[in-house]
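Here's the structure, in C-alpha cells; my notes come after.
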Amino acid sequence: MAFMNKPLLTGASIAILVSLAACSGKDKAEPAKEKVQVPAAVEQPKPVPDEKLTEEVKLAHTDVTGVIHPATWPQGKSGLSRDPAIETQITSLLASMTLEQKVGQTIQADIGSVTPEDVRQYRLGTILNGGSSGPYGDDRALPSEWVKLADEFWVASMDPEGVETPIPVFWGIDAVHGHSNVIGATIFPHNIGLGAANDPVLIEKIGAATAKEVAVTGLDWTFAPTLAVARDDRWGRIYESYSESPEIVARYGGAMVRGIQGKAGTEGFLGADRVVATAKHFIADGGTSGGKDQGDALISETELRTIHAAGYFTAIDAGVQSVMASFSSWHGVKMHGNRALLNDVLFDRLGFDGFVVGDWNAHGKIPGCTNEDCPDVLKAGVDVYMAPDSWKPLYASTLAAAKSGEISMQRLDEAVARILRVKIRAGAFKRGRPSARQFAGKTEFLGSPEHQAIAREAVRKSLVLLKNHNNVLPLSGAANILVIGAGADSMSTQTGGWTISWQGLDTTHEDFPKGQTILEGITELVSKAGGKTEFSKDGTYKTKPDVVIAVYGELPYAEFKGDLADLAFKSEDDHLAQLRAMKAANVPVVSVFLSGRPLWVNAELNASDAFVAAWLPGTEGGGIADVLFEKSVQGATHEFTGKLSFSWPRSADQTSLNVGDAEYDPLFAYGYGLSKTDTVAVSNLDESIANAGPAIGKYVFKAGHNQAPWALNTQNVSRVNFDRFAQEDAARFSWQDDGMISFDGEAADMNNLVQPDAGLILSVKVETAPIGPVFLSAENASGPLAKIEIGDQLRALPVGEWQKITVALRCLSTKPVDWTSISAPVVISANAPLVLGISDITIDGVSEEDQKCAGE
Numbered sequence: 011m012a013f014m015n016k017p018l019l020t021g022a023s024i025a026i027l028v029s030l031a032a033c034s035g036k037d038k039a040e041p042a043k044e045k046v047q048v049p050a051a052v053e054q055p056k057p058v059p060d061e062k063l064t065e066e067v068k069l070a071h072t073d074v075t076g077v078i079h080p081a082t083w084p085q086g087k088s089g090l091s092r093d094p095a096i097e098t099q100i101t102s103l104l105a106s107m108t109l110e111q112k113v114g115q116t117i118q119a120d121i122g123s124v125t126p127e128d129v130r131q132y133r134l135g136t137i138l139n140g141g142s143s144g145p146y147g148d149d150r151a152l153p154s155e156w157v158k159l160a161d162e163f164w165v166a167s168m169d170p171e172g173v174e175t176p177i178p179v180f181w182g183i184d185a186v187h188g189h190s191n192v193i194g195a196t197i198f199p200h201n202i203g204l205g206a207a208n209d210p211v212l213i214e215k216i217g218a219a220t221a222k223e224v225a226v227t228g229l230d231w232t233f234a235p236t237l238a239v240a241r242d243d244r245w246g247r248i249y250e251s252y253s254e255s256p257e258i259v260a261r262y263g264g265a266m267v268r269g270i271q272g273k274a275g276t277e278g279f280l281g282a283d284r285v286v287a288t289a290k291h292f293i294a295d296g297g298t299s300g301g302k303d304q305g306d307a308l309i310s311e312t313e314l315r316t317i318h319a320a321g322y323f324t325a326i327d328a329g330v331q332s333v334m335a336s337f338s339s340w341h342g343v344k345m346h347g348n349r350a351l352l353n354d355v356l357f358d359r360l361g362f363d364g365f366v367v368g369d370w371n372a373h374g375k376i377p378g379c380t381n382e383d384c385p386d387v388l389k390a391g392v393d394v395y396m397a398p399d400s401w402k403p404l405y406a407s408t409l410a411a412a413k414s415g416e417i418s419m420q421r422l423d424e425a426v427a428r429i430l431r432v433k434i435r436a437g438a439f440k441r442g443r444p445s446a447r448q449f450a451g452k453t454e455f456l457g458s459p460e461h462q463a464i465a466r467e468a469v470r471k472s473l474v475l476l477k478n479h480n481n482v483l484p485l486s487g488a489a490n491i492l493v494i495g496a497g498a499d500s501m502s503t504q505t506g507g508w509t510i511s512w513q514g515l516d517t518t519h520e521d522f523p524k525g526q527t528i529l530e531g532i533t534e535l536v537s538k539a540g541g542k543t544e545f546s547k548d549g550t551y552k553t554k555p556d557v558v559i560a561v562y563g564e565l566p567y568a569e570f571k572g573d574l575a576d577l578a579f580k581s582e583d584d585h586l587a588q589l590r591a592m593k594a595a596n597v598p599v600v601s602v603f604l605s606g607r608p609l610w611v612n613a614e615l616n617a618s619d620a621f622v623a624a625w626l627p628g629t630e631g632g633g634i635a636d637v638l639f640e641k642s643v644q645g646a647t648h649e650f651t652g653k654l655s656f657s658w659p660r661s662a663d664q665t666s667l668n669v670g671d672a673e674y675d676p677l678f679a680y681g682y683g684l685s686k687t688d689t690v691a692v693s694n695l696d697e698s699i700a701n702a703g704p705a706i707g708k709y710v711f712k713a714g715h716n717q718a719p720w721a722l723n724t725q726n727v728s729r730v731n732f733d734r735f736a737q738e739d740a741a742r743f744s745w746q747d748d749g750m751i752s753f754d755g756e757a758a759d760m761n762n763l764v765q766p767d768a769g770l771i772l773s774v775k776v777e778t779a780p781i782g783p784v785f786l787s788a789e790n791a792s793g794p795l796a797k798i799e800i801g802d803q804l805r806a807l808p809v810g811e812w813q814k815i816t817v818a819l820r821c822l823s824t825k826p827v828d829w830t831s832i833s834a835p836v837v838i839s840a841n842a843p844l845v846l847g848i849s850d851i852t853i854d855g856v857s858e859e860d861q862k863c864a865g866e
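Take a look at the structure:
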C-alpha cells in the first residue's frame, strides 16, 4: 500500500499542517559522490516528530478497510449561506418542471456532439467543450465565435415551447491555467509552478484574471481548481497539483476559488467578471497506487482526510459551487459510485453546498454501468452526468429509471435543486444572453497587459534555482549569449498540455500572439542591455559565446498519456551532448528545464553550471529572462524566490518521495531553492540509471499516443483522435490513396523485447474496409524489412468492432535481423481508401498459432 509504514503529516487540523512550513532541519540529501550543501537561509521541512502526532494518525495503519466513517471527518461549513428567497424560487421551479426537464438538467453534453436544437428539445442543463472541442468544430475559433455559439445555446435553452419555465443552460470549460482553450488568452504557469511560488495572494489574482477572460467568451463555469495532493511523480497529471504537501494545497484551494468566483457573501460574488469554480477531483486522484491515472488509492481513511481533503476544506469555506468527482477509486470502489464520500462526507460533514459533476464518461466505469445507462451514479450523489458523446441514450435511460422509480423522485429533485441553486446564485436567470453581458466580446480583456503582468510575476516566482556553480547567475545583459535547445522558441513546450487542445502538442505562437517565448524574452532583454543573442537549436554557433542558455524538457502531455514507468528524463533530442560540448569548450552553461514534474536529471545537472526548474511557465516566457539576468527588461532586479513544492528524486526509481516519509532521502528536499547569492556545489552526481525501467518499452502506440522513443509520422494520411475506453485513447487514420503511417526514431536496441515468440499485436477497428492491399513492415539501419500483406486480415474483421491482429516478428524477414538498430518498428502503408482506428500497438509474446507466417 502506497503509504504504509510511513509517518503521516498530521491531523485533520490545517493548523498543524501549516506548522510544517516553519520547521527547519539539516538537509540529509547525499548524492553518490558529493553532498548537496544547503544554505542556512533555506529552511527545510522535516517529518513531524512523534510527540506531535495525534492518536488518530498513529492509528492510520489500522483503518485501511475501505469503509468510510463520516463522523471522523471534521464538520465544515460552506462560506455561502442559503438565501430564503432562492430556496423559495427553487421550490417554485421544481413544481413547474416536467420530469423530462428535470432529467435534462442532470445531463451534460460536449459541443462537438450536441446542437442548440438538441438543448431545446431535451432541455439539457449544461454543456461543455472538451480539450479538443471548439465552436463549430474549430479549436482556434475567434472569441466572437465562442460568444456567438454561447448565444445560440442560451437562446435554445430559453425557448418556452413545451415547458412552463425555461432554465438557462450553463457552459463549462477547462480553463485550468488561464482560459487555455481560447486563442489570445493569458496562459499562466501550470499548478506545479504556482506551488513553488507559495503565494496565495498571487493565486487569487490569477483566478480573477482567468474568470474575467472566461467571461469575455460568454461562458459560465470553469473546471478548476485541481486540488490533488500528488504523492507519486509518475502520475500524468502531477503538474495539475500544487504540491505533494497538503499545506500548500490547503492555502491555495480557497484562494483560487475566491479569485474565480469572488468573495462569498459580498456583492461581487459571482458578478459579471466571475464564473463558477470547480474543486476537483474528489477525492485522492493524486494518491493512486503507482501514480496511475484513474487508478486505485489503496490508502487509509486517515490519509484521505488529512492529506487529500486539505484543499476541499478551504475551497468549501470559500463557497465553491461545483465539485467534480474523480475517475479514480478508493479500495476498489469508483469515486463516482461512492455515496459515503460523495454525500455523507462531502455534503453532510464538509458542508459543501453546490452540485457534483461527473468526469468525462466516468459514470460508464461503474460496475454494471455503461456510458449510456447508469442510474447508480445519480443515486450515489453525482448531480450532473458528464456524458460528452453518450448523452442522448443516457438521457433516455435516466428518464426511464426515473419513471420506473429506480431513481427516486426525491433524489432527482435533490440533484436538480442543487443545480438550480448554483444557477440562481450565479445570476443565470437575470444576466440574459451571453452577448449582452458586461464583458462578453470585449477582447481587450483577453490577454490584457494587466493579466500578462500577473502571469509574468507568476513565472518569476515559480522558478526554482537548483544549482549556481561559481555564481554564474545572474547574467550580464551586455554579454554574448548563445541560446540553444528545442524548448527555447516553442510555445507548446512552455505551455504544456490543456492548451488549445487536450494534449497541447500543436500549440503555436500564432495562438498567443501577445505572449513571448523564452527566446524572445531573452533576446529582447539582451538587445536592450547592449549584448548579442544567437539562437541555435542544435548547439552550433558562429561566434564563441560568453555563456550558453540551454532550454529543453518534456514535450506536452495530459492525463493518463503522461503516466510514466520511472522518473528518468527521456529526451527526443541530443541536448545532453550539446551541454557536454559546451562544458568541454569552457563555456558556462545555464540550463532552463521545462517539465511537468521533478525528474531524474543528474547527467544534466553535472553538465550545467546553473540549473533552473522552470516547470511549464505559460505564455509569458520573458519572466524567465527577468530572473536570469542582473536586470529585467524594465530595469528591475528580481531574485529567485521559488521553493520546491515537490521533492526532487535522487534516482529514477524514487517515484513516491514525499516530505514526512520515514526514509526521506531526496536529492533536493521539499522547500529547497537557492538565491543568486547562494553557491552550492552540485556536481559529480551519480548518472547510473540501473534502477530505472528499460528505455524501450513493449508499447509502440498506447491509448492513442505514440510511446517514446517512437515518433508518429503520417504521409497522405489524416489522423483524428477519438474515444475507445477513455478520452481520445484511440486514433482514426484515413487513407484516400497512397499513404503511410510510421513510428520512427533513432536506431534503438530492441533485443530485450525480441523473444522467440514475439509479435506485433495491433488493437484495431476497421471503419472502412480496404479495397486494395495493406502492408505492414518495419525498418532497421539497413533499410526496410519484409512487407507483410494484412489487407485480407482487415477485410475479414467485422466493421465497427474492436479486434486484434497479430504478426509474428519472425515473419518480417527471411534472414536474421539486427534488432539492436531498429529505426521504425511499425510501418503501415496502403494505396486505396481505408479508415482504420488504432488504440494500441504492442510488442509481446504471441500464441503458437499466431507464430505462423503466410504460406506456412
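Start counting the sequence shown at 11; every next residue gets the next number (this note's numbering). From the three backbone atoms N, C-alpha and C, an ideal C-beta is built for every residue, glycine too. Just so it is clear, the structure is predicted and the values come from calculations on it, not from any experiment.
Proximity winner among the options, relative to residue i (alpha-carbon distances)
| i | options | result |
| --- | --- | --- |
| K375 | R428, E630 and R734 | R734 |
| L867 | K477, R133, I434 and S418 | In the structure as shown, the chain starts at 11 and stops at 866, and residue 867 therefore has no counterpart that could be examined. |
| R428 | W720, G855 and K112 | K112 |
| G714 | S773, V602 and D739 | D739 |
| D128 | W401, K302, R820 and I248 | W401 |
| D242 | D369, I771, T665 and G683 | T665 |
| N731 | S511, K542 and Q803 | S511 |
| G301 | E277, R247 and K273 | R247 |
Simplified DSSP state of residue i, which is helix, strand or coil
| i | result |
| --- | --- |
| I848 | strand |
| S486 | coil |
| L356 | coil |
| A595 | coil |
| E777 | strand |
| L684 | strand |
| K471 | helix |
| P176 | coil |
| A170 | Per the sequence shown, residue 170 should be read as Pro rather than Ala. P170: coil per DSSP, three-state reduction. |
| S502 | helix |
| I532 | helix |
| M396 | strand |
| G297 | helix |
| F545 | strand |
Under 9 Å between C-beta atoms of residue i and residue j
| i | j | result |
| --- | --- | --- |
| L786 | I848 | no |
| F7 | V710 | With the chain covering 11 to 866 only, the question about residue 7 has no answer from this structure. |
| G321 | V186 | no |
| G281 | I216 | no |
| L138 | Q118 | yes |
| S546 | V493 | yes |
| V557 | V637 | no |
| V224 | H189 | yes |
| W658 | P608 | yes |
| L840 | G769 | In the sequence under discussion, the amino acid at residue 840 is Ala, which differs from the Leu named in the question. Not a contact, by the Cβ cut-off of 9 Å. |
Backbone CA spacing between residue i and residue j [nearest angstrom]
| i | j | result |
| --- | --- | --- |
| V48 | V836 | Unreliable positioning characterises V48 in this predicted model, as indicated by a pLDDT of 38, which lies under 50. The coordinate reading is nonetheless provided below. Approximately 49 Å between the Cα atoms of the pair. |
| S605 | D583 | 15 Å |
| A335 | L654 | 28 Å |
| V669 | A578 | 21 Å |
| S23 | R261 | Any reading at S23 needs caution, since the residue's pLDDT is 38, under 50, leaving its predicted position unreliable; the model's value is listed next. One C-alpha to the other measures close to 13 Å. |
| C863 | L586 | 42 Å |
| M592 | K344 | 51 Å |
| A294 | H318 | 5 Å |
Within-9 Å CB hit, residue i to chain B
| i | result |
| --- | --- |
| I213 | Included in the structure is just one protein chain, with no chain B present. |
If we count Cβ pairs, one from each stretch, closer than 8 Å, do we get three or more for the segment 219-235 versus the segment 143-162? yes
Closer than 8 Å is the cut-off here; do at least three beta carbon pairs connect the segment 205-212 with the segment 174-192? no
Could you tell me whether the segment 621-628 touches the segment 497-510, where touching means 3 or more Cβ pairs closer than 8 Å? yes
Check whether the segment 518-534 touches the segment 628-645, counting contact only when three or more Cβ pairs, one atom from each stretch, lie closer than 8 Å. yes
If we count Cβ pairs, one from each stretch, closer than 8 Å, do we get three or more for the segment 533-540 versus the segment 563-573? no
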